[in-house]
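Notes follow once the structure below has been shown.
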Amino acid sequence: MVKIGREVPVASMDNSGKIIWAKQNEIQTVNIKSVGADFEGTDGERLPLAVKELGTCDLYPQSLKHNPNGRFVVVCGDGEYIIYTALAWRNRSFGSALECVWSADGEYAVRESTSKIKIFSKSFQEKRSVRPTFSAERIFGGTLLAMCSNDFICFYDWAECRLIRRIDVTVKNLYWADSGDLVAIASETSFYILKYNRDVVQSYLDSGRPVDEEGVEDAFELLHETNERVRTGIWVGDCFIYNNSSWRLNYCVGGEVTTTFHLDRPMYLLGYLASQSRVYLIDKEFNVMGYTLLLSLIEYKTLVMRGDLERANEILPSIPKEHHNSVAHFLESRGMVEDALEVATDPDYRFELAIQLGKLEIAKEIAAEVQSESKWKQLGKLALSTGKVLLILY
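The opening position of the sequence shown corresponds to residue 1 in UniProt numbering, with each subsequent residue numbered one higher.
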C-alpha cells in the first residue's frame, strides 16, 4: 500500500493562539482569536478560520515549531533547518540538520548526524559542538537537552552539556511542563511522569563531584506510569493533556487519567488557551477544532494532589455545578470520601457515599427525597447491622 501525503499535519501554535502550518512549501497562518465572540461553536466543531498566506519555505518542511516566546519558527526538512520570524516570515538563520529543538529559554540544538550535535545561543551563534559516545537517533528540547539511542535517553544541561541522567527506556516522544519540574516520557506502549529535581542536580554539580555514565542519581523521580500510548501531548500547569491510540482526549493529574472526549477521527494537539479554557487540535485536512477543558477544574485537581486543600476549596465555587460530580469522583478516588459527599450533586451518588461513610441521617434524607424503595431497603439493612434502627424510624 502506498500512502500519498502526510497523516500528521506540519503545524505549530504559539501561546496566543496563532497557528502556522505548511502545505508543501507554502506557509499559511490562522489566528484562533480572530473567531468572534459571537461564534458559539460546540466541542469538536471546525472553527471558521480565515487563512492568510505567510510566504514560502526554501525547503520541503517535515517539521515546524515555534520557539517558547513565539517570535521565531524553526522548519526542518531535506537535511536542513531554517529559522524564520513568525510574523513576517523572514529568514534569520539556517544550516544542516536532521532535527532542531528549542530550549526552554530560546536557545536551540541541531542534530547534524547520529554523531554530531550543535548548540546555538538565542542570538543564533554556535556555542558548542558535541559528539555523543553513542548513536544519537533523536534529540528533544525543553528544560534539558535530551539525546536518545534506540534503548535509552540521556539528559544534558544546556549551558555546558554535562550529563544529568541516563534513563533506560525506548523513547517515542518527550514533553516538558512549562515549570520545568515535570516531564512526560512516552514510549510505544506507556508514558511516565517524572519530577526533575533541579536543586539536587545543581548542588551535586556545584560540589565538583564527578558525574559517572549514569549521571546524577536523584536527578529524576518517577511519579506515575500509565499503560497508554500517547499520540500527541501538551502540559497545562501540572496537568498532562494527551490523546491516545484509541483517539480519546485524556488528561492526567497526579496519575489519575480522565477521558474528556472521544475523537471521531485522528487529530493532533496544538495547544491550550487558558483564557478560553479550551484545548485545540488539528486534523490532516488542516481543520482546527476546540474542546472545553476547564482551567478551574485542572487547577482544583492540581491543588488537591499537592495537598493544598485550603486553596482548592477557594477555587471550587468557580467550577460549574454540572462538573461537581466529576470532582466528587476524583475526591473519592483519592480516599477523600467525606469531601466527595460535600461536593457531589447527584442524589444516587450522594446516597452511595453516605452509606459508605455510615452517615445514616444524610442517607435517610436522600431516600425520603427521591422516594426510592430500594434505597430504604439498603438503609434498613445498614441500620440493623449497626444497631441504629431507631434513627431511620423517626
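All C-beta atoms, glycine included, are put in the ideal place defined by N, C-alpha and C.
Alpha carbon to alpha carbon, what distance is there between residue 169 and residue 152? 5 Å
Assuming residue 182 and residue 195 make a contact with CB atoms under 8 Å, what is their CB distance in whole Å? 6 Å
Beta strand (DSSP E) runs wholly inside the stretch 163-209, at least 3 long, in chain order: 163-167, 173-176, 182-186, 191-196
If you draw a straight line from the alpha carbon of residue 8 to that of residue 200, how long is it in whole angstroms? 39 Å
Classify residue 251 as helix, strand or coil using the three-state DSSP reduction. strand
Measure the alpha-carbon distance for residue 250 versus residue 244 and round it to whole angstroms. 8 Å
Can you list, in chain order, the residues of its chain with a C-beta nearer than 6 Å to that of residue 374? Leave out the 5 residues immediately preceding and following it. none
Can you grab the Cα-Cα spacing for the pair residue 12 / residue 298, in whole Å? 23 Å
Where do the N-terminal and C-terminal ends of the alpha helix (DSSP H) with residue 355 fall, by residue? From DSSP, the alpha helix (DSSP H) with residue 355 extends over 347-357.
Secondary structure at residue 72, three-state DSSP: helix, strand or coil? strand
Compare the C-alpha of residue 130 against each of 145, 22, 124, 123 and name the closest. 145
Using DSSP with H/G/I as helix, E/B as strand and the rest coil, what is residue 259? strand
Any chance the stretch 223-234 sits against the stretch 267-286, with 3 or more Cβ pairs inside 8 Å? yes
Residue ranges of each beta strand (DSSP E) run of no fewer than 3 residues wholly in the stretch 17-87, ordered along the chain? 18-23, 26-31, 52-56, 63-66, 72-77, 80-85
Check whether residue 256 and residue 311 have beta carbons under 9 Å apart: no
Residue ranges of each alpha helix (DSSP H) within the stretch 284-358, 4 or longer: 295-305, 309-315, 324-333, 337-343, 347-357
Is there contact between the stretch 40-53 and the stretch 76-91, where contact requires at least three CB pairs shorter than 8 Å? no
My understanding is that residue 295 touches residue 274, with C-beta atoms under 8 Å, so please give their C-beta distance in whole angstroms. 5 Å
Locate the alpha helix (DSSP H) running through residue 217, then write down its first and last residues. First-last for residue 217: undefined, no H or E at that position.
Can you give me the Cβ contacts of residue 338 inside the same chain, cut-off strictly under 8 Å, excluding the 5 residues immediately before and after it? 357
Under a three-way DSSP split, which group does residue 271 fall into? Strand, per DSSP.
Is residue 138 near residue 99, with beta carbons less than 9 Å apart? yes
Pick from 167, 107, 134, 111 that is closest to residue 120, judged by C-alpha positions: 107
Boundaries (first-last residue) of the alpha helix (DSSP H) holding residue 370: 360-370
According to DSSP, is residue 95 helix, strand or coil? strand
Buried or exposed, going by whether 16 or more other CB atoms sit within 10 Å of the CB of residue 364? buried
Would you decide whether residue 60 is buried or exposed? Buried here means 16 or more other CB atoms lie within 10 Å of its CB. exposed
Name the residue from 116, 247, 288, 380 whose alpha carbon lies nearest to the alpha carbon of residue 148. 116
Candidates 17, 286, 43, 227: which alpha carbon is nearest residue 23's? 286
List the residues that DSSP assigns as beta-bridge partners of residue 161. According to DSSP, residue 161 bridges with nothing at all.
Rounded C-alpha distance that separates residue 354 from residue 342: Rounded to whole angstroms, the separation of the alpha carbons of residue 342 and residue 354 is 10 Å.
Whole-angstrom distance between residue 198 and residue 269, CA atom to CA atom: 28 Å
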